[in-house]
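Here the structure comes first, spelled out in structure tokens, and everything after it is commentary.
In full-length UniProt numbering, the protein residues as written are 1 to 277.
Structural data, given as structure tokens:
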């Protein structure tokens, strides 16, 4: 089994071992050069990873999100405390029940963190509707910006959790484009409501996703690592808070890719901790 640590992938005893994969070089301190090297490595591996990606896509079920999209009245409701904005993870893809999705898990974590003793968080003000989710499956940071940012910015939420980067990594979007889109999202959310907290969930650790075959896992893992560094830099620059991302350790049995209920609970715990900072 191949291993992937940082930029270096161990040799896998697989049917494609006769096709020697280039060892990616150590990244430089130049972020632009690092991004180019990552994409060059992916291009060199394209004869292997493109067919792998296509087979994976064909074999992965298309799951519906359990979380309904909120309407304008719900987004404007003054009881709305936290809005989760982003891609399939934001809206709970991978679980069947809305109670197991990220927004509901976050509401419970917030209620528990307040010491209310109520699983739903009602006594702490986190009643039904206090945490909502807005987004869609497959959305990149650019698509979240174009399709949902205006509604999210105008919402009554005093905190917005941004979950992007998953599809940017899958599509090998340039880190510079990701940085531009994420910066616009963060700044727009901050500008529309004085004192609003913005929490950015780090892009996933694809190098740990067992469902991804090698060398596709290493290629996506390396690119996602660059996006995580970019997200951290955007947060430092604009005063947002970075929360831990998904590590693939607890995946939905439906597609072995998105989080299951336990995965969403862990993700919510990290976000709740960031909100308490």
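No residue lacks a Cβ here, since even glycine has one placed at the ideal position from N, Cα and C.
- Looking only at 91, 170, 76, the smallest Cα-Cα distance to residue 259 is reached by 91.
- For the 7 Å CB-CB criterion, residue 105 and residue 274 do not form a contact.
- Three or more beta-carbon pairs drawn from the region 181 to 196 and the region 161 to 173 are found closer than 8 Å, and the two stretches are therefore classed as touching.
- Taking each of 222, 233, 213 in turn and checking the Cα distance to residue 200, the smallest one comes out for 233.
- Ranked by Cα distance from residue 71, the options 107, 87, 135 are led by 135.
- Taking 3 residues as the shortest admissible run, the region 168 to 251 contains the following complete beta strand (DSSP E) segments, listed from N- to C-terminal end: 197 to 201, 241 to 243.
- Residues 238 of the same chain have their beta carbon placed closer than 8 Å to that of residue 187, with the five preceding and five following residues left out of the count.
- Residue pairing by DSSP puts residue 83 in a beta bridge opposite 132, 160.
- Proximity of the region 149 to 156 to the region 76 to 86 meets the contact definition, three or more beta-carbon pairs being nearer than 8 Å.
- Beyond the five residues adjoining it in sequence on each side, residue 159 comes within less than 8 Å, by CB distance, of 81, 82, 83, 196, 197, 198, 199, 275 in the same chain, given in chain order.
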